[in-house]
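For what it's worth, the numbering used here labels the leading residue of the sequence shown as 26, then goes sequentially.
Quick reminder that beta carbons are idealized off the backbone N, C-alpha and C, glycines included.
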Amino acid sequence: MPPARPTILIIGAGFSGTATAVQLLRQAREPLDVVLLNESGRMARGLAYGTDSLEHVLNVPAGNMSALADDPDNFLRYCRWVDARWHAGSFVPRRIYGAYLESLLAAAESAAGPQGARLQRVVGRALRVRPPAGGLPAAVLLEDGRELRAEHIVLAFGHVAPEHPLDAATREQLGPAYTGDPWRQPLAECVPPDARVLLVGAGLTALDMLVSLDRAGHRGPVHLLSRRGLAPQPHRPQRERPAHPEVASVLAGAGPTLRAQLRALRQTIGAAVARGEDWRDWIGALRPHTPGWWRALGAADRRRFLRHLQPHWDTLRHRCAPEAHAVFERWRADGRLTLEAGRIVALQPAAGGGFALRWRPRGAVGLRERIVDHVVNCTAPSGRLAGSASPLVAALCADGLVVPDALGLGLLVDADYRVADAQGRTAPWLHYVGPLLKARDWEATAIPELRQHAAALVARLAVAGACRCA
Ligand SMILES: Cc1cc2nc3c(=O)[nH]c(=O)nc-3n(C[C@H](O)[C@H](O)[C@H](O)COP(=O)(O)OP(=O)(O)OC[C@H]3O[C@@H](n4cnc5c(N)ncnc54)[C@H](O)[C@@H]3O)c2cc1C
């Protein structure tokens with residue numbers, strides 16, 4: 026007999042977990058308990074929207090940041106309520122987005138009727154998940170010894186912490202001069218204002234850190250070192266919504282190989298730019314097609330893409346706010362910022378103070394040297410589950426409940442968001458939503474995709490009988 030009031034337990038209250046809870050609260054038409062478990066009491070923030078700095082802005086315009094797939098202007102209305110000057114093209118502070126998510130969750134909670142879903146927020150760190158057994162539902166074991174039971178569990182624990190670009194011995198030598206995870210250790214607290222700073226990586230995290238240093242009045246030089254040395258690309262300042270050029274026919278008309286499709290895209294976009302169109306619109310138009318395109322690629326083409334094209338894709342696709350880009354350009358024009366392509370070879374204490382960085386420029390044989398005082402890991406959050414520092418992820422892998430994909434992008438999840446186990450079987454009670462869907466879809470880390478995944482997951486849960494939804 027199914028319970029009169031089944032429970033869906035969501036592990037993680039970042040965007041993915043919160044958006045799933047909101048959808049359940051809005052749609053459930055029969056009694057349902059929704060338990061939202063988060064390791065800190067700051068619900069509805071997660072890694073991206075927990076920053077308190079006003080200068081850390083969204084890298085997607087407000088008009089495309091609604092948390093609700095069926096209400097595209099939801100966030101825009103919230104923005105206008107906060108500040109009437111904001112428009113669809115504004116890049117608003119990320120902490121405003123966190124406040125928006127929190128208010129959305131609260132509104133969905135109070136609007137849910139007695140015959141619908143009931144929300145329970147639980148603060149605690151999940152350590153292990155136990156499958157249903159002996160007639161009892163699945164269980165989540167918490168660090169403080171509590172055990173929560175639920176008929177369905179949604180894993181929404183988000184990102185895996187970034188991998189270190191330095192080995193353990195070098196990190197130990199650097200001690201406090203190394204910031205391994207800048208989202209957990211605010212830079213202003215650990216970087217002296219005159220320090221020569223090395224940012225490893227040149228993507229959106231590096232840009233956020235530069236903006237923080239700029240805001241804190243940092244005076245020392247900043248060096249960005251990344252595999253390719255590609256400069257971050259800005260969104261254009263925009264008041265209007267972007268155009269949506271027809272890209273499906275270009276992909277359909279090209280051959281099945283990665284090489285043929287890229288050639289066709291490059292020619293089409295080149296011709297469009299020559300006509301005065303903006304290349305950004307074409308990259309944006311690819312988004313809905315990317316999952317199908319990624320799934321159709323063979324293993325060898327996927328590997329080729331990751332080896333040769335990923336840095337270019339990341340730069341063109343994950344663009345920054347024009348405001349953040351202006352800081353980058355100002356520092357570069359002042360000669361206080363350098364951006365170089367290469368790999369770290371060694372970092373050792375220097376005789377005159379600081380650390381001697383020896384690095385190999387991309388394509389060069391010889392090494393170059395530079396003295397730095399502080400190193401910040403600005404490589405992106407990882408999808409590599411093996412070796413994750415999270416006890417929950419380690420336990421899920423060790424228990425064979427989740428399986429990392431072969432390319433280190435995330436975990437194996439089927440079309441219904443059911444997690445695949447070590448034997449490739451899916452369990453009807455264990456689902457996943459979040460950026461590790463990258464393994465399945467490639468394009469899965471930003472809100473416009475994640476809001477659709479949250480809504481689709483709730484629809485699948487309803488089909489699976491976990492809840493009765495509108
Ligand atoms: C710095 C940054 C800026 C971004 N900016 C944008 C942007 O402007 N626009 C955009 O579209 N996208 C942006 N993104 C991408 C996107 O919004 C995020 O990838 C998305 O928010 C992911 O949400 P999530 O809930 O899956 O993961 P997370 O945000 O990582 O949240 C996971 C939550 O689970 C909790 N948790 C983890 N493990 C446990 C456990 N064992 N027990 C209990 N709780 C646990 C964590 O504490 C956290 O609250 C950004 C990403 C980052 C990292």
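- Assigned with DSSP and collapsed to three states, G75 falls in coil, not helix or strand.
- The shortest CA-to-CA distance from R465 to any of L486, L249, L432 and Q258 is the one to L432.
- Put simply, the backbone Cα of A164 is about 20 Å away from that of T43.
- Environment of ligand 1, chain-ordered: G37, G39, F40, S41, N63, E64, G71, L72, A73, L83, N84, V85, R150, A151, F182, G183, H184, L417, G459, P460, T470, A471 and I472, taking every residue with Cβ within less than 5 Å of a heavy atom.
- In the structure shown, the three-state DSSP call for E64 is coil.
- Here DSSP, grouped into helix, strand and coil, assigns D169 to coil.
- CA-CA distance, Q258 to L486, rounds to 39 Å.
- Under DSSP, R393 takes part in a beta bridge, and its partners are W384.
- Bounds of the beta strand (DSSP E) holding T451 are T451 to Y457.
- Assignment of beta strand (DSSP E) within the region 233-262, counting only whole runs of 3 or more residues, yields 247-251 in chain order.
- The alpha carbon of Y125 has as its nearest neighbour, out of P316, R329, A440 and A69, the alpha carbon of A69.
- The way I'd put it, the region 387-407 does touch the region 174-193; three or more beta-carbon pairs between them come closer than 8 Å.
- In the DSSP annotation of this structure, N89 is not part of any beta strand (DSSP E), being labelled neither H nor E.
- A Cβ-Cβ distance of about 4 Å is found for the pair A175 and T32, placing them in contact under the 8 Å criterion.
- Counting only residues of its own chain and dropping the five nearest sequence neighbours on each side, D398 has a CB closer than 6 Å to the CB of A220, R221 and G379.
- Going by beta carbons, A289 and A299 fall outside the 8 Å limit.
- For secondary structure counted as the alpha helix (DSSP H) over 4 or more consecutive residues, the region 164-226 holds these complete runs in sequence order: 193-199 and 212-215.
- Cβ-Cβ distances below 6 Å link W467 to T315 and W319 in the same chain, with the five nearest sequence neighbours on each side left out; the list follows chain order.
- Counted as a single uninterrupted DSSP element, the stretch harbouring T282 is not any beta strand (DSSP E), since DSSP gives it neither H nor E.
- Straight across, the Cα-Cα distance linking A277 with Q286 is about 9 Å.
- For G425, no alpha helix (DSSP H) segment is defined, and its DSSP state is neither H nor E.
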